[in-house]
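In what follows, a single structure is set out as structure tokens and then discussed.
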Amino acid sequence: MKHLKEPVVIVTSGTDNSLSASMEMMTYLADNKIKGKLLHGTKTEIARDLEYILKAVETRNQLKSMKLGMIGKPSDWLISTNVDYSIIKDKLGIEVIDISMDELLSEIGKGFYEENNHTKELLNRDFNKSEIEKALHIYGAFSRLVEKYKLDGFSVRCFDLLTSVKNTGCLGLALLNQEGIYSGCEGDLPSLISMAILSKLSNKPIFQSNPSRINKSNNEIIFAHCTLPLNMPEKYNLDTHFESGIGVAVAGDIPKGKATIFKSNSTLERYFISEGDILESLHEDNLCRSQIRIAAKEGVDKFLNTPVGNHYLICLGDYTNHLKEFFEII
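Taking the working numbering, the leading residue of the sequence shown gets 22, the next gets one more, and so forth.
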């Protein structure tokens, strides 16, 4: 059976000793370190579980051809994000390449971007047009690097842009995420990989965010960041970057309802998965510009005791079972 592709899926019928025979086969697979899945139940339950498995396998296969870029090194405060690229290659098949900040700055210095309907709409927003133009030059630079290196996504040491070009990457990241390019902040590769996994499983845009405040009695967490995919909020405004007060950030109102909270560490051996319920979008002056209050089904104690870095990934809809299935088969 070594020639079989994993996971080996066995479906029982509930008659003719099907279940007992299937248990014997599952034991054989386990003894030979072959991943297997036993499906038993109603037709509806089996169809549901099979959908989870097929989506997990599809995602695993899609990741094998993925190429991600690291523009600059991780931000200095991300002390847990150093990643051995070979582990990522071995486990997921993802290729990671390094791109220097100097190359990004050279591209920004060219001072242009490809106009489209989204950039035109942004320039009509009630915000400083000069700052928007400068932020769009950063977007253009990101886009050219994506095209040059044939990237599926990238993470950038974005805080360096505050001093080098006196603007932010927030708007460029928001635009590229909207275009389906996984675009992450602060050179956080584990978050970028987590973003790609969750997006492939859900087919939804992903909000990379900081946990900012916790209410233990209600199991609620406030997540915030200065960028998010522009196709994720119901509406948004442009604002300055929270920490610096300069550049262009995005303050979005994300729809209420079911959501998924997820993050994996760099070795994919420790992760946090929770269904959530987005209760409201906030507009507080002392947080990053896009803010949501979300009730975490797994509870904040588990959140606090499953540390996987300072960024978490959120999408609309409940994809917790898809994620759990994915980690069972990789």
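For glycine and all other residues, C-beta sits at the position ideal for the given N, C-alpha and C.
Keep in mind that this is a model prediction, so the values were computed, not measured.
For a test of your reading of the model: does the CB of residue i fall under 7 Å from any non-hydrogen atom of the ligand SAH? Yes or no.
| i | result |
| --- | --- |
| residue 50 | With respect to the ligand SAH, the structure shown offers nothing to examine, as it has no ligands at all. |
Excluding five sequence neighbours on each side, which residues of the same chain lie with their C-beta closer than 6 Å to the C-beta of residue i?
| i | result |
| --- | --- |
| residue 199 | 250, 251 and 252 |
| residue 167 | 202 |
| residue 264 | none |
| residue 289 | 112 |
State the start and end residues of the unbroken beta strand (DSSP E) segment that holds residue i.
| i | result |
| --- | --- |
| residue 314 | 311 to 317 |
| residue 256 | 256 to 260 |
| residue 233 | 228 to 236 |
| residue 281 | 278 to 285 |
| residue 88 | 88 to 92 |
| residue 241 | 241 to 246 |
| residue 173 | From DSSP, residue 173 is part of no beta strand (DSSP E); its letter is neither H nor E. |
| residue 274 | 270 to 274 |
| residue 329 | Where residue 329 is concerned, there is no enclosing beta strand (DSSP E), given that its DSSP letter is neither H nor E. |
| residue 292 | 292 to 303 |
| residue 205 | 203 to 206 |
What are the start and end residues of the alpha helix (DSSP H) that includes residue i?
| i | result |
| --- | --- |
| residue 62 | That residue, residue 62, is in no alpha helix (DSSP H); it is neither H nor E in DSSP. |
| residue 112 | 106 to 113 |
| residue 184 | 181 to 185 |
| residue 253 | Residue 253 -> no alpha helix (DSSP H), and no H or E assigned at all. |
| residue 130 | 122 to 130 |
| residue 161 | 150 to 170 |
| residue 340 | No alpha helix (DSSP H) holds residue 340; DSSP gives it neither H nor E. |
| residue 142 | 138 to 144 |
So, for residue i: in the same chain, excluding its five sequence neighbours on each side, which residues have a beta-carbon less than 8 Å away from its beta-carbon?
| i | result |
| --- | --- |
| residue 47 | 31, 57 and 59 |
| residue 170 | 88, 90, 118 and 120 |
Could you tell me which of the options sits nearest to residue i, measuring between CA atoms?
| i | options | result |
| --- | --- | --- |
| residue 287 | 226, 302, 329 and 272 | 329 |
| residue 308 | 146, 234 and 113 | 234 |
| residue 353 | 129, 245, 209 and 84 | The question about residue 353 has no answer here: the residues shown for the chain are numbered 22 through 351. |
| residue 204 | 244, 341, 178 and 272 | 178 |
| residue 255 | 337, 163, 83 and 306 | 337 |
| residue 302 | 321, 293, 278 and 85 | 278 |
| residue 274 | 324, 186, 262 and 228 | 228 |
| residue 244 | 173, 149, 206 and 332 | 332 |
| residue 87 | 113, 324 and 259 | 113 |
| residue 189 | 106, 266, 42 and 70 | 266 |
| residue 33 | 305, 24, 45 and 184 | 45 |
| residue 173 | 187, 221 and 148 | 221 |
| residue 344 | 37, 81 and 39 | 81 |
| residue 28 | 71, 42 and 66 | 71 |
| residue 97 | 285, 165 and 206 | 206 |
| residue 119 | 104, 298 and 131 | 104 |
| residue 246 | 306, 51 and 294 | 306 |
| residue 139 | 325, 54, 37 and 197 | 197 |
| residue 184 | 171, 151 and 122 | 122 |
| residue 77 | 94, 223, 187 and 144 | 223 |
| residue 324 | 304, 232 and 248 | 232 |
State the CB to CB distance for the pair residue i and residue j, rounded to an integer number of angstroms; the pair is presumed to be in contact (CB under 8 Å).
| i | j | result |
| --- | --- | --- |
| residue 115 | residue 214 | 7 Å |
| residue 335 | residue 230 | 6 Å |
| residue 161 | residue 180 | Rounded, the Cβ-Cβ distance is 20 Å, inconsistent with contact. |
| residue 91 | residue 208 | 6 Å |
| residue 280 | residue 310 | Not quite, the Cβ-Cβ distance comes to about 19 Å (not below 8 Å), so this is no contact. |
| residue 284 | residue 176 | The Cβ separation is near 14 Å, so there is no contact. |
| residue 73 | residue 346 | 4 Å |
| residue 321 | residue 242 | 6 Å |
| residue 248 | residue 191 | 4 Å |
For residue i, which residues from the same chain have a beta carbon less than 7 Å from its beta carbon, with the 5 sequence-adjacent residues on both sides left out?
| i | result |
| --- | --- |
| residue 225 | 336, 337 and 338 |
| residue 40 | 33 and 61 |
| residue 260 | 270, 272 and 310 |
I want to see whether chain C comes within less than 8 Å of residue i, judged by CB atoms only; does it?
| i | result |
| --- | --- |
| residue 52 | Any reference to chain C falls outside this structure, which holds one protein chain only. |
**Prompt:** Would you call the stretch 137 to 157 and the stretch 232 to 244 in contact, with 3 or more CB pairs under 8 Å?
**Reply:** no
**Prompt:** Does the stretch 294 to 301 come close enough to the stretch 310 to 317 to have 3 or more Cβ pairs within less than 8 Å?
**Reply:** yes
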